[in-house]
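Trainee: Each number in my numbering corresponds to the 1-based position in the sequence shown with 9 added. Note that CB positions come from ideal geometry on N, CA and C, so glycine has one too.
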Amino acid sequence: MALDKRQRFITILILGLLSALGPFSIDMYLPGFPVIARSLHTSIEYVGYSLSSFFIGISVGQLIYGPLLDRFGRKRPLYVGMVIYILASIGCAFASSIEVLIVLRLFQALGGCVGMVAPRAMVRDSFPVDENAKIFSLLVLILGVSPVLAPTAGSFVISAFGWNAVFIVLAVVALLTLLIVIFWLPESKQPDPGFSLRPKAIAGSFWFVMKEPQFYTNALGGGISAAGLFAYLAGSPFIFMELYHTSEQVYGFIFALIAIGLITSSQMNTLLLRRYSSEQILHVVLVLQTTMGVLLVAGTVTDVLGLYGTIALIFLFLCCQGFNFPNSSALSMAPFTREAGSASALMGALQMLLGSLAS
Numbered sequence: 010m011a012l013d014k015r016q017r018f019i020t021i022l023i024l025g026l027l028s029a030l031g032p033f034s035i036d037m038y039l040p041g042f043p044v045i046a047r048s049l050h051t052s053i054e055y056v057g058y059s060l061s062s063f064f065i066g067i068s069v070g071q072l073i074y075g076p077l078l079d080r081f082g083r084k085r086p087l088y089v090g091m092v093i094y095i096l097a098s099i100g101c102a103f104a105s106s107i108e109v110l111i112v113l114r115l116f117q118a119l120g121g122c123v124g125m126v127a128p129r130a131m132v133r134d135s136f137p138v139d140e141n142a143k144i145f146s147l148l149v150l151i152l153g154v155s156p157v158l159a160p161t162a163g164s165f166v167i168s169a170f171g172w173n174a175v176f177i178v179l180a181v182v183a184l185l186t187l188l189i190v191i192f193w194l195p196e197s198k199q200p201d202p203g204f205s206l207r208p209k210a211i212a213g214s215f216w217f218v219m220k221e222p223q224f225y226t227n228a229l230g231g232g233i234s235a236a237g238l239f240a241y242l243a244g245s246p247f248i249f250m251e252l253y254h255t256s257e258q259v260y261g262f263i264f265a266l267i268a269i270g271l272i273t274s275s276q277m278n279t280l281l282l283r284r285y286s287s288e289q290i291l292h293v294v295l296v297l298q299t300t301m302g303v304l305l306v307a308g309t310v311t312d313v314l315g316l317y318g319t320i321a322l323i324f325l326f327l328c329c330q331g332f333n334f335p336n337s338s339a340l341s342m343a344p345f346t347r348e349a350g351s352a353s354a355l356m357g358a359l360q361m362l363l364g365s366l367a368s
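1) When you compare the region 269-284 with the region 165-176, are there three or more beta-carbon pairs, one atom per stretch, that lie closer than 8 Å?
2) Going along the chain, which residues of its own chain have a beta-carbon closer than 6 Å to the beta-carbon of S59, five neighbours each way excluded?
3) For L206, which option in V89, V44 and Y74 has the closest C-alpha, if you only look at C-alpha atoms?
4) Taking 8 Å as the limit between beta carbons, can you name the residues of its chain near L304, skipping five residues before and five after?
5) Per the contact definition of three or more C-beta pairs closer than 8 Å, is the region 39-46 in contact with the region 244-253?
6) Would you mind working out which of L152, A354 and T255 sits nearest I320, comparing C-alpha positions?
7) Looking at the unbroken alpha helix (DSSP H) that takes in R133, where does it start and where does it end?
8) What separation, rounded to the nearest whole angstrom, lies between the Cα atoms of F33 and I67?
9) Between the Cα of E348 and those of L72, G57 and I23, spot the shortest distance and give me the residue it belongs to.
10) Report the residue from P128, L229 and G230 whose alpha carbon sits nearest the alpha carbon of L148.
11) For the structure I just gave you, are there three or more beta carbon pairs, one from the region 285-299 and one from the region 73-87, closer than 8 Å?
12) What do you reckon, are the CB atoms on A228 and L355 nearer than 8 Å?
13) Rounded to whole angstroms, what is the Cα-Cα separation between A118 and P86?
14) Do S135 and T20 have their beta-carbon atoms positioned less than 8 Å apart in this structure?
15) Whose C-beta lies closer than 7 Å to the C-beta of P335 among residues of the same chain, with five residues either side of it excluded?
16) Alpha carbons only, please: which of R17, G231 and V306 is nearest the one belonging to Q360?
17) Give me the Cβ distance between Q120 and G90, rounded to the nearest whole Å; I'm assuming they're in contact under 8 Å.
18) Scan the region 285-346 and note each continuous alpha helix (DSSP H) run of 4 residues or more that stays entirely inside, going in chain order.
19) Would you say R207 touches the ligand NAP, meaning its beta carbon is less than 7 Å from a heavy atom?
20) How long is the line joining the alpha carbons of T311 and R17, rounded to whole angstroms?
21) In whole angstroms, what is the alpha-carbon distance linking A343 and L252?
22) With a Cβ-Cβ cutoff of 8 Å, do S341 and F215 count as a contact?
23) Taking Cβ positions, are G261 and P160 nearer each other than 8 Å?
24) Just to confirm the assignment, what range does the alpha helix (DSSP H) spanning K209 have?
25) Does the Cβ of T186 have 16 or more other Cβ atoms within 10 Å, making it buried, or fewer, making it exposed?
26) Out of S62, G357, S48 and S351, state which residue places its alpha-carbon closest to the alpha-carbon of G213.
Spelled out as structure tokens, the structure:
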């Protein structure tokens, strides 16, 4: 699918908005954990289960949408998922117990995850393979705005209107995004009646993707790296606000600082791609990220890091993610055309499954 310069810009922007919906759904309500715990008469740790259920919903949901995207094209499944997300978000706003919130967050993820799996497939459809890593880096730029804006916006909304209002805001944002998708996002793949939705055929499609060495090596490397990111998202409210007693505002600042590192590294990746291949960059980054992870665990166990040491190592670890995600995604998706939706779903499901276990 050939796009002119204007269509490229619009497509990348909309795909970035769709991709950011999931992170926004996480980051915006994180500062409200203590308030939610008090309001629903539970603990912060139990509120954290609403985050774990969200990760599980994204893992399962992507496996559902992958074959649907390959069969019905990219946009129609997007419509269905976004409507489910909007309805579940409204339900979350009126949740009367933590158990209800946990269940509704699961459904919110089952709907919203289409905004994560579809953009990866559409990048593969719409752009040359050798440009995919650069396009994914641009998506990370848009994604990175979420951790900068979402916690701050969430803190403001919670302070002014209560935690329930966060989910109303998410529903409104999703509705506006859906309208943009309907009117401005070009369809990148027409429906394929030959793509069977029978369980045996779906399993065969997934197996075709999974047995490709380029897929499973890069998807697993990216998934393990992403698990560290999700562990940070789930544990950061407790670590910073409970363990180190920072305020909600300071927590938002820390979140934004780390997000800036993620944004910066993703854009440095586009510069490095002019000289080095995705494989070369990814090999170096995985070594660095593993080193940072080991130091963080060792420092935490021995209790020698303190607040600033913890922030520094998390910052460096997640800077590596800005290099890891674009390159591992591009390399994982490169071998596939007809099965791009299924490949995107498997890659995303693996990342979210590891993330839910880590959180």
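Mentor: Put simply:
1) no
2) L110, I111 and R114
3) Y74
4) L322
5) yes
6) T255
7) V123 to S135
8) 14 Å
9) L72
10) P128
11) no
12) yes
13) 14 Å
14) yes
15) A142, F145, S146, V149, S275 and N278
16) G231
17) For clarity, residue 120 is Gly in the given sequence; the question names Gln instead. Confirmed, Cβ separation roughly 5 Å.
18) 287-311 and 315-342
19) Only the bare structure without any ligand can be found here, which leaves the ligand NAP out of the picture.
20) 50 Å
21) 43 Å
22) no
23) yes
24) P208 to M219
25) buried
26) S351
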